[in-house]
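Structure record follows, encoded as structure tokens.
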Amino acid sequence: MDFGLSADQLLFQQTLRRFLAEQCPMTRVRAIMETETAHDLALWQGLCGLGVPGLIVPAEHGGGGLELLDLALAAEELGYACTPGPFLGHALATICVIEGASEEQRGHWLPTMAEGTSIGTVAWGEAGSQWNPEHWATFYEGGTLSGEKLFVPFANVADVLLVGARNAEGSVRLYRVEREAPGITITPLAVVDMTRKVQHVRFERTPATPLEGPPSGLQRAIDAGCILVAADAFGGSRRCLEMAVSYAKTREQFGQVIGAFQAVKHQLANMACELEPALSLWWYAAHAYDHIRDQCERHAAMVKAHLTDLYDRMTRDATELHGGIGFTWEFDLHLWFRRAIFDRGFLGDAHYHRERAARLAGW
Amino acid sequence: MDFGLSADQLLFQQTLRRFLAEQCPMTRVRAIMETETAHDLALWQGLCGLGVPGLIVPAEHGGGGLELLDLALAAEELGYACTPGPFLGHALATICVIEGASEEQRGHWLPTMAEGTSIGTVAWGEAGSQWNPEHWATFYEGGTLSGEKLFVPFANVADVLLVGARNAEGSVRLYRVEREAPGITITPLAVVDMTRKVQHVRFERTPATPLEGPPSGLQRAIDAGCILVAADAFGGSRRCLEMAVSYAKTREQFGQVIGAFQAVKHQLANMACELEPALSLWWYAAHAYDHIRDQCERHAAMVKAHLTDLYDRMTRDATELHGGIGFTWEFDLHLWFRRAIFDRGFLGDAHYHRERAARLAGW
Amino acid sequence: MDLRFRPEYEAFRQEVRAFLTQHWTDEDRASAPPVNPRGMSLGTAIRNDERATRFRLAAIERGYLYRHVPRRYGGSEQPFDPLKLAIIQDEFRKAEAPGELIGQGPSMLVPTLLEHGTEEQKQRFIRDTLLGKIQWCQGYSEPGAGSDLASLRTRADLDGDFFVVNGHKIWTSNADTADWMFALVRTDPDKPKHEGISYLLIDMKSPGITVRPLRQMTGEADFNEVFLDNVRVPVTNLVGKRGQGWTVSRSTLKHERNLIGSALLSERVLDGVRFLAQALELRGRPAIQDPVLRARLVELETKVLASRYHGYRLLTLQARGEDPGIAGLVTKLYGTTLGYDVARLAMDVLSDRGLLAPGETTAPAMGMFLTAYMWSLGILIAGGTANIQRNVIAERGLGLPRDPRAQRDTGQNPKEG
Amino acid sequence: MDLRFRPEYEAFRQEVRAFLTQHWTDEDRASAPPVNPRGMSLGTAIRNDERATRFRLAAIERGYLYRHVPRRYGGSEQPFDPLKLAIIQDEFRKAEAPGELIGQGPSMLVPTLLEHGTEEQKQRFIRDTLLGKIQWCQGYSEPGAGSDLASLRTRADLDGDFFVVNGHKIWTSNADTADWMFALVRTDPDKPKHEGISYLLIDMKSPGITVRPLRQMTGEADFNEVFLDNVRVPVTNLVGKRGQGWTVSRSTLKHERNLIGSALLSERVLDGVRFLAQALELRGRPAIQDPVLRARLVELETKVLASRYHGYRLLTLQARGEDPGIAGLVTKLYGTTLGYDVARLAMDVLSDRGLLAPGETTAPAMGMFLTAYMWSLGILIAGGTANIQRNVIAERGLGLPRDPRAQRDTGQNPKEG
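Written as structure tokens, this is what we have:
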């Protein structure tokens, strides 16, 4: 009966943090992000070894059988460590299957996704910043998908894509497409966040399998996406604050460490003051995903907006506080600055989610 | 060929400031605002002696023949000094006549308005925060006005009201009504700004005289109103900053003046940084009113929004900076805090004017 | 983590609802005493009439109020359960039923007595304080010693079994109606800074006390100045050890009321703002349809929720016996700035109607949002200025160097309520 | 005040337009050299190809550019007239014609030479600098001496008619392409703080200079480190008196380019953001129809205009020989934070498309707004940090006590351009 992490969760968090610190320090992050895919098999297998890709997959399908909060804790650590790779899209793809597929489909698809040998991603957003399924134009007809999806994370690395599209009845549903299927064109893009590349994907009569579970699966996956992005944003924000505090304690100017100047102290205090309560916010949303379902969608919208706004300010303030060195390529801070831009844009911007939260409240 | 005040303007500014410091110190302000009307005849006559009410009235009608900038400089000083009384409404009423009346009407009405023996005010806003003439419901028919106007400054003190109303053709025009005319009901209100009281005014078949000059007169008067309010807001903001700086230089805490703390210094620096460029902004708008007419309406909308937002922040920050004493009734700061609320609400809020500026740009 | 509304909690919620239906009737609700113009002042927002007291007694009996206070002192002594607490608060709020009193007595004195009081002090004061039968005022602030308590000057000199108190307190809300004052006084003037300060309970009926009203910017006089002239206070009214007053006064911070209090207050004001935005027309449509106001409303609701959940987190840390660290230090700054932002939003929703003063009958909500707005600023100032909060967060929370000039430990002006 | 567009000004505007029609044709406009990935770097945003030079010469001839510079040094030597200046800037901007170059040479070195240079230095450098024929880089910053120039370590020791320079400069934009560097060096190491600093012009082809690129967060290397190893500089290249380098370097601030420069830059970026908002679809309608973005666009345009008119005001004060006081001290902080806000708004207008990096062909404006966004942050940092600006405003502008620990006079790191 409490609002805190369990001993298991704390242990998992520590384990993952240590793993990333050792296996994916910033030198490694930079090496991986400079590759064409920004995906490193060894790192991915390491994460698979810790069970990360399957954390939320039911135990009977080979996963950890845990909750979204556990997955979000992983997202937080990956955000903290600036980890490159397809975690986010894969996690959302597994959730699409868990929430939107039939029992038979789950049995077929989940085991390889849980062990991470089949990498998934989601193809949702469309042109004009359309992240609202009601406005998606991609359609499913005669067993195939046609349309264009923008900002698909790691489409070139994924084995399967979980696509949101309109069926003949006009309802938006999830479809599973194999990356090697005919009629898929993946356009590589130059993107800001080098640790999480995205591509545009065009479908032209691409064979696709409809998910046969509850239609609510798509919204569940979107909610989960909002929460995971928020957790990533929190992890990154926390790291930025830590870096700024540590810099303020060591960098000297005018004969003293800059952290002794009240102006710097107060800027850091303001950052901490915004950060701390935000933790409880996404914890609650993640908890609600499994336990207070009627509050989940609205909380997910709110945390996406709030945490990504926060991330933006934290990366900006931390950069400013570092002065010249914060503006260099060699200093790592801008890698989080770039991740913040991903988190803001992916799944739709803060304003979209706030408006959604207003509508969900019936205003 | 320059962007600064003329020697005459600087002299006028000094004269007015000295007059107000001597004739209307804060003890006097408080005494006047505690009266039922917040209007003091001696003070008003003093201002009349300086030519304030007629500054902008053409010389041939007994006024100063000056420009809106000169009038705005007066508004700034009155705002700085927290002067109670009907200046603003009166100024707008004279401008209604100057810009909206026929030559003959001007000849009849302006001389007494210029000398301040006939006090005017404007009755514009309507229920639901409707400051947009297009949506006014008050109408003129058969020589009389009917409808309800909210937030009429000093309606109980004014001799004449310049009312915006719809005529039989559906166009909104200005009408002149005498306060003693039949069918007028003035409802006294408890208002926040005790130095500038407002009333609600209801017209029920009240005899009214249509202004027979250009229909553009109303918009000109609204533009002038926006600029005068901005100038008032600037004067008040400047005063708040001065008070905060002076307090920071004298009040000691932890063994030194609080202005020696970097946090306080930076808060004051931020205030000054916002304040200084805002001066040039309303100067320009006031100048544009007479000399760059095609830029005036949009600039007026922008300065109203910008300066009143600024005033709000300045009064808030100054109050916070003063600590406990800033929260007392006896300390004068809250009188500007209250004026800021007037300036924000009167003529419509900042958001309304920004939206208007966007539309005027054709966006 | 376990907040789930499992069946037993749903059952609990039903139980609370049933209790409310039975004990707080429409008639009770409608019987609200006439609006008190001072109703918005710190901590007096909650009804305290006879019906409310009767209701509170029943609610305590059922374990719904003052759950952290032992039954022998008038509380309901319930196991720590943030979820039940949330359910109770939710349902009480929906039913507009009287909740725990949040004046300075219940919020500040009671936790202090629970931790530092003698058994006699606890028996004598706690129960009556929780029911509002004893009203307290707080005697911390002095002129010229706003955030800087090290410069406290009110003296209490020992004279046999009595302290003789002389001095001048300021910003003492409710001093005119309070029965007792809990005060910080200097018992050992020669000792440096905080060491000479003690925590004393002073009967306001004692000879030598003069109370003078102090008007705040709202125009009302919700505060007072209190002059103490040779006031004799029995040594048995000392709480904690002599010279430990500073530590004693800070024990409040560890208690749950304070942790949740500010979030609750902002929640209530935000409820009001949302209602206002739905009811009020702004340029031809309900204000809540305005996209800018709407977005700000969601943003502030998000922060209010963050504040609430942050409270849960702190409570949990406390229950586990863990040091909340920086998480515990940010609460006040977050809450007070949020409170200001929420009240500020009300002013924007009002638009020109913000010009109508409290008491104006034609004003939305009788103009009370202006009072809330000014108070939100006052609270920002009262709780130790925001700058001092930032010093505390930076130094104690983030480990940045202390400013040798500012004694910001003393800066936590505990004035609030 | 006299800004009115009286007939002679309308005539002047027509004259400028006619000039532009004749001298800056559609073909000229279309002939823009291929986008330079470094095109957004400080001060190189303006075209500098042959057509542009030809055009600039004609514009100088007509009195449209470099109006404050005497004709004998390559300027157009026009009487001070902010209104004409505004008209020229307006019309040039509308015609997308090359304006005054705003690199470090024209913006920083030229004003300095005009005030402190010898006749020989003026003749030799100003004209070619104004046309971009001599490219300059600025040698102020050093590792570990960001805002704190008092700790400058690069030495210049006198050896006959030469200074021998040894040291390490950083954040030197365009050092790889620049012909010359103007630098601050320590000529009298024993003198305290600023007194030992001199202002020196250093030929970048001198033996002993090594330039190493420094990549900034955008991924490009627009800056360099410059290592000076026994570089010999003739004493005739000293600007102003020996030991006066700090004062000499600050003369820039008094000149009009700097006063208007930042407003102009923000204006241009804002133009771009507005265009973007009109062209870009956001959830089914042009982004500019979004009420929240729209309101922010107006708000920032208002501040950009304030910044422009503030520049007029400062110019007027200067022309009148009056001390601008605090008005002159706020310009930089206002301009740089505004620049950040404008670029930030672009990112919000882009929404998810902000994810597309510079150079991505499918991105709106080729992703250049990201670069602008990062640069706006870089500029905020480069111009002496905002905190140092605030110190200057508070102490010199508002007369608040100086912080004895921080030498913030030295803090006005003049790096910018």
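Protein chains in written order, with my numbering: chain A, 1 to 363; chain B, 364 to 726; chain C, 727 to 1143; chain D, 1144 to 1560. Cβ coordinates follow ideal geometry from the N, Cα and C atoms, glycine included.
- Answer yes or no: does any C-beta atom of chain A fall closer than 7 Å to that of D/His1398? Per-residue confidence for D/His1398 stands at a pLDDT of 48, beneath the threshold of 50, marking its modelled position as unreliable; no derived number is given.
- Give every residue of the same chain whose Cβ lies closer than 7 Å to the Cβ of B/Phe382, excluding the five residues on either side of it in the sequence, and list them in chain order. Gly409 and Leu413
- Message: Please list, in chain order, the chain A residues whose beta carbon lies closer than 8 Å to that of D/Leu1499.
- Response: Leu189, Ala190, Val191 and Val192
- Task: Under 7 Å between beta-carbons, which chain B residues line up against A/Gln262? List them in chain order, please.
- Result: Phe624, Gln625 and Ala626
- Separation of C/Gln1044 from A/Gln14, as counted between CA atoms: 22 Å
- Task: Since I believe A/Val229 is in contact with A/Gly343 (beta carbons under 8 Å), could you give me their beta-carbon distance rounded to a whole number of angstroms?
- Result: At residue 343 of chain A the sequence reads Asp, which differs from the Gly that was named. A/Asp343 to A/Val229, Cβ: 5 Å. Contact.
- Item | Span of the alpha helix (DSSP H), counted from its first residue to its last, around A/Met271 | Gln262 to His291
- Task: Answer with buried or exposed for C/Lys859, where buried requires no fewer than 16 other C-beta atoms within 10 angstroms of its C-beta.
- Result: exposed
- Any C-beta of chain B sitting closer than 7 Å to the C-beta of C/Thr1111? yes
- Item | Whole-angstrom distance between A/Asp294 and A/Gly326, CA atom to CA atom | 43 Å
- Look at A/Ala121 and A/Leu161 and say whether their C-beta atoms are less than 7 Å apart. Here residue 121 of chain A is Thr; the residue named in the question, Ala, does not match the sequence. Closer than 7 Å, so yes.
- Identify the continuous alpha helix (DSSP H) that holds B/Pro754 and give its terminal residues. Residue 754 of chain B cannot be examined here, being either before or after the span of chain B that is shown, 364 to 726.
- Task: Ignoring anything shorter than 4 residues or poking outside the region 1445-1486 of chain D, list the alpha helix (DSSP H) runs there in chain order.
- Result: 1469-1472
- is_contact[C/Ile678, chain A] using C-beta, thresh 7 Å: Outside the displayed range of chain C (727 to 1143) lies residue 678 of chain C, so it cannot be described from this structure.
- Message: At the level of alpha carbons, what is the spacing between C/Ile828 and C/Thr1062?
- Response: 16 Å
- Task: Examine the Cβ distances between the region 229-238 of chain A and the region 1090-1097 of chain C and report whether three or more of them are shorter than 8 Å.
- Result: no
- Indicate the three-state DSSP secondary structure (helix, strand or coil) for D/Ile1245 in the structure shown. coil
- Along chain C, in chain order, which residues have C-beta atoms closer than 9 Å to that of D/Ala1430? Correct list: empty, because the minimum Cβ distance to chain C is about 13 Å.
- Message: Cutting at 8 Å between CB atoms, please list the residues of its own chain near B/Asp653, excluding the five before and the five after it.
- Response: Glu430, Leu431 and Leu432
- Note down, in chain order, all residues in the region 1053-1065 of chain C with a beta-carbon under 9 Å from any beta-carbon belonging to chain B. none
- Item | Interface flag, C/Val1018 vs chain D, CB-CB below 7 Å | yes
- Query: What are the start and end residues of each continuous beta strand (DSSP E) run of 3 or more residues lying completely inside the region 7-62 of chain A, in chain order?
  - Reply: none
- Straight-line CA distance for A/Asp193 to C/Leu840? 54 Å
- Nonlocal neighbours in the same chain, by C-beta distance under 6 Å from B/Leu684, ignoring five residues either side: Ala607
- Contact check, B/Gly426 vs B/Leu574, beta carbons under 7 Å: no
- Message: Suppose contacts are defined by Cβ-Cβ distances below 7 Å. Is C/Lys810 in contact with C/Phe738 by that definition?
- Response: yes
- Item | Candidates D/Pro1335, D/Arg1298, D/Ser1284 and D/Ser1294, of which the one nearest D/Lys1312 by Cα | D/Ser1284
- D/Leu1413 versus D/Ala1486 - alpha carbon distance: 8 Å
- Message: Quick check: the Cα distance between B/Ala456 and B/Trp472, rounded to an integer number of angstroms?
- Response: 11 Å
- Of the residues that make up the region 890-910 of chain C, which ones have a beta carbon closer than 8 Å to any beta carbon in chain A? none
- Task: Give a yes or no on whether 7 Å exceeds the smallest Cβ distance from C/Asp1049 to chain B.
- Result: no
- Query: Which class does B/Glu504 belong to by DSSP, given the choice of helix, strand or coil?
  - Reply: strand
- Query: Is B/Thr484 helix, strand or coil by DSSP?
  - Reply: strand
- With 8 Å as the C-beta to C-beta threshold (strictly closer), list the residues of the region 129-159 of chain A near chain D in chain order. Ser129, Gln130, Trp131, Asn132, His135, Leu150 and Phe151
- Message: Restricting to Cα atoms, I'd like to know which of C/Gln864, C/Ser924 and C/Lys917 is closest to C/Thr903.
- Response: C/Gln864
- Do three or more CB pairs link the region 1323-1340 of chain D to the region 1486-1505 of chain D at distances below 8 Å? no
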